[in-house]
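The structure appears right after this line, and notes come after that.
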């Protein structure tokens, strides 16, 4: 017989037992609700904390930008970047053009984290100690040199004739042409007439040698090696050099011709007519093979004989003084470039630290002609492609014809081969990966940046402390140089060569090449230069979608450090860029290193 409250052996809930159970069930539900609320509050706290970090990060970036804009001379209003007098307005458009948006965002985060950390000294010095073991010696005379000088003085009276040179290109191309002409004159035992500079529709500069360099110093320093005169003898001035076959253009000489060509072709012409006129003479003398004495003479010419005229030295000194904002110890580079016009008085400005500001000089090659000639794609879409193609058809018709007849590599293939100029965005990523802080003081040397403000925004957002010579020199101070691109380029040369660090975006540029060589030769192992390998960099950047920032940093730093290795100039390479070569630079003995 079932008991009350049971059904088939299972206890039944009576009204009484149900009311007894209800309070305990309510307590359990209350505990569960309290636990859920606690979890929700914890999740809310975590999200709030993350939001606070993001807000703090944003505030820090804003503060950093504010500080950078106050301490620097970067102007948010219209400003121009010029190299040789031709400027542009970067306020053309404000839309930021990004090719590597993900990496740019990672760079922003990395710079924000690193901003309050101490600046690592390694960024501002040569990574290899061997750099300081090389010293300049092209101006040093040995017993062999003295006997050669005596022979030279004896041969001057029986010289083979006179060499005229009308060098083309800009300041740095002309410099190379002049030193090559000096070597040729010495090789052929000829007298060199002080070189002339051709007027170019590109550079639009009527400057001659004496407007840029000290003529008498140049002649005097090289007098033991080659005879240099200011004018062709009067009896030869009336000759029609072209009609008698004495005018030799770049069309007549192969690029980087060997000495044998000048001995077999130019010497007979010189002996027959008494004078030869080289027209253009751009890179017409090979670097090897060349006798050691002529290689040394090239170095002596490039690294010692060129001294800027006093007015360029004076304004260059003023520029450096204002860039650094404070007095600083003169380096050998300053002495070589500024002579008696080195900064001496104190300039405190708004630099409250009382120490000279370190600065990085950047030569950015991204002019429209270079961009168009590269036939690369820079992320500007169909409008940009049409614009560049139209420019090519006007300025590079031969290139357009060749592309139609023979075809060309695709833009992607060109980039993989390292044939595309680095964009400002890529330059900013390189500096970020190398650890340069957002507040880094950057002096920009470069001509009209294609794309203007929109192309520069990725760079100036990461590095707002960007300055040019126009930011430091008043209009009246720049006025004497305004229509002379080579003289303005001389000021950029001074600012780049004396910088704490020099960086470039294209190693093929003559300015970058000559500045690199000048810093190597006179820098005493304390003038680091950053040169990217465009092919390797393109490969790294091609992984923009997956590459983590730490790996990106590591690969970029390795790329730059490998290009900074100390080595003897490889055969066939430019001695003007790589002067560590016998007769040009000498390996110092250990006991002499402390005096370098």
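Numbering (our numbering), first residue to last: 407 to 1002. Note that CB positions come from ideal geometry on N, CA and C, so glycine has one too. As the structure is a prediction and not an experimental result, all values here were calculated from the model.
Just how far apart, CA to CA, sit residue 473 and residue 521?
At residue 473 the pLDDT is 40, less than 50, meaning the model places this residue with poor confidence; the figure from the coordinates comes in the next sentence. Those two C-alpha atoms are separated by around 12 Å.
State the Cα-Cα distance for the pair residue 657 and residue 626, rounded to the nearest angstrom.
In this model, residue 657 and residue 626 are separated by some 33 Å (Cα to Cα).
CA-CA distance, residue 863 and residue 508?
In a straight line, the C-alpha of residue 863 is about 15 Å away from that of residue 508.
DSSP-derived helix/strand/coil call for residue 682:
In this structure, residue 682 counts as strand in the three-state DSSP scheme.
Where the alpha helix (DSSP H) through residue 882 begins and ends
That run of the alpha helix (DSSP H) goes 881-884.
Given this structure, state the Cα-to-Cα distance separating residue 707 from residue 990, to the nearest angstrom.
The alpha-carbon atoms of residue 707 and residue 990 are separated by roughly 11 Å.
Helix, strand or coil at residue 994 according to DSSP, with G and I counted as helix:
Residue 994 falls in the coil class under three-state DSSP.
Helix, strand or coil: which one does DSSP assign to residue 910?
Three-state DSSP puts residue 910 in a strand.
Given a threshold of 16 other Cβ atoms within 10 Å of its Cβ, counted over all protein chains shown, does residue 795 qualify as buried or as exposed?
Classification of residue 795: exposed, given that the 10 Å Cβ count is below 16.
For the alpha helix (DSSP H) containing residue 796, list its first residue and its last residue.
Secondary structure note for residue 796: its alpha helix (DSSP H) is the uninterrupted segment 787-801.
Where does residue 914 land, buried or exposed, given buried means 16+ other C-beta within 10 angstroms?
Taking a 10 Å sphere around the C-beta of residue 914, we find fewer than 16 other C-beta atoms and assign the residue as exposed.
On the criterion of 16 or more Cβ atoms from any shown chain inside 10 Å, does residue 540 qualify as buried, or is it exposed?
Counting Cβ neighbours within 10 Å, residue 540 comes out buried, since at least 16 surround it.
Taking just the CA atoms, how far does residue 895 sit from residue 875?
Answer to the nearest angstrom: the Cα atoms are 10 Å apart.
Touching by the beta-carbon criterion (3+ pairs, under 8 Å), the segment 856-870 and the segment 878-889:
Touching, no, given that fewer than three Cβ pairs across the two stretches are closer than 8 Å.
Secondary structure at residue 540, three-state DSSP: helix, strand or coil?
Three-state result, residue 540: strand.
Please report the residue range of the beta strand (DSSP E) in which residue 568 lies.
Its beta strand (DSSP E) spans residues 568-573.
Check the C-beta distance from residue 768 over to residue 730 and give it rounded, since I have them as a contact under 8 Å.
Not confirmed; about 16 Å, so no contact.
Please report the straight-line C-alpha distance between residue 494 and residue 631, rounded to a whole angstrom.
Note that residue 494 scores 34 on pLDDT, short of 50, meaning its location in the model is unreliable; the coordinates nonetheless yield the value given after this. The straight-line gap from Cα to Cα measures roughly 44 Å.
Excluding sequence positions up to five away, which residues of its chain have a Cβ less than 7 Å from the Cβ of residue 839?
Excluding its 5 nearest sequence neighbours in each direction, residue 839 has C-beta neighbours in its own chain below 7 Å: 958, 959, 962, 963, listed in chain order.
Three or more C-beta pairs under 8 Å: does that hold for the segment 686-700 against the segment 971-986?
Judged by pairs of C-beta atoms under 8 Å, the segment 686-700 touches the segment 971-986, as three or more such pairs exist.
With distance defined between alpha-carbon atoms, name the residue in 802, 744, 676, 926 nearest to residue 987.
Of the candidates 802, 744, 676, 926, the residue whose Cα lies closest to the Cα of residue 987 is 926.
Within a Cβ cutoff of 7 Å, which residues of the same chain sit near residue 719, ignoring the five residues on either side of it in sequence?
The residues are 744, 745, 747.
Nearest-angstrom Cβ-Cβ length linking residue 569 and residue 599, presumed shorter than 8 Å:
Correct: roughly 7 Å between the Cβ atoms.
Closest by CA to residue 579, which one among 588, 890, 801, 686?
Considering only 588, 890, 801, 686, the residue with the shortest C-alpha distance to residue 579 is 686.
Whether or not the segment 930-947 and the segment 800-814 are in contact is what I'm after, with contact meaning three or more pairs of Cβ atoms, one per stretch, closer than 8 Å; do they touch?
The segment 800-814 and the segment 930-947 do not touch, with fewer than 3 CB-CB distances between them shorter than 8 Å.
Put residue 1003 into one of helix, strand or coil per three-state DSSP.
Residue 1003 cannot be examined here, being either before or after the span of the chain that is shown, 407 to 1002.
Using beta-carbon positions only, say whether residue 869 and residue 765 come within less than 8 Å of one another.
Judged by beta-carbon spacing, residue 765 lies beyond the 8 Å limit of residue 869, meaning their Cβ atoms are not closer than that value.
Can you give the Cα-Cα distance for residue 640 and residue 673, rounded to whole angstroms?
Rounded to whole angstroms, the separation of the alpha carbons of residue 673 and residue 640 is 22 Å.
What separation, rounded to the nearest whole angstrom, lies between the Cα atoms of residue 503 and residue 789?
Those two C-alpha atoms are separated by around 13 Å.
For residue 860, which of helix, strand or coil comes out of DSSP?
Here residue 860 carries a helix assignment [DSSP, helix/strand/coil].
Residue 677, buried or exposed, once every other Cβ within 10 Å from all chains shown has been counted against 16:
By the 10 Å Cβ count, residue 677 comes out exposed.
Contacting residues, own chain, Cβ-Cβ under 6 Å from residue 1091 (five flanking each side not counted)
Outside the modelled stretch of the chain, which goes from 407 to 1002, sits residue 1091, for which no answer is possible.
Using alpha carbons as the reference points, say which of 920, 643, 514 lies closest to residue 712.
Checked all of 920, 643, 514; the closest Cα to residue 712 is 920.
Just list the alpha helix (DSSP H) runs in the segment 655-730, keeping only unbroken ones of 4 residues or longer that don't cross its boundaries, in chain order.
Within the segment 655-730, the complete alpha helix (DSSP H) runs of at least 4 residues are 673-679, 698-706, 716-730.
Quick check on DSSP: helix, strand or coil for residue 869?
Secondary structure of residue 869 (DSSP, three-state): coil.
In chain order, what residues of the same chain lie with their CB nearer than 7 Å to the CB of residue 700, ignoring the 5 residues before and after it?
Hits under 7 Å: 589, 592, 593.
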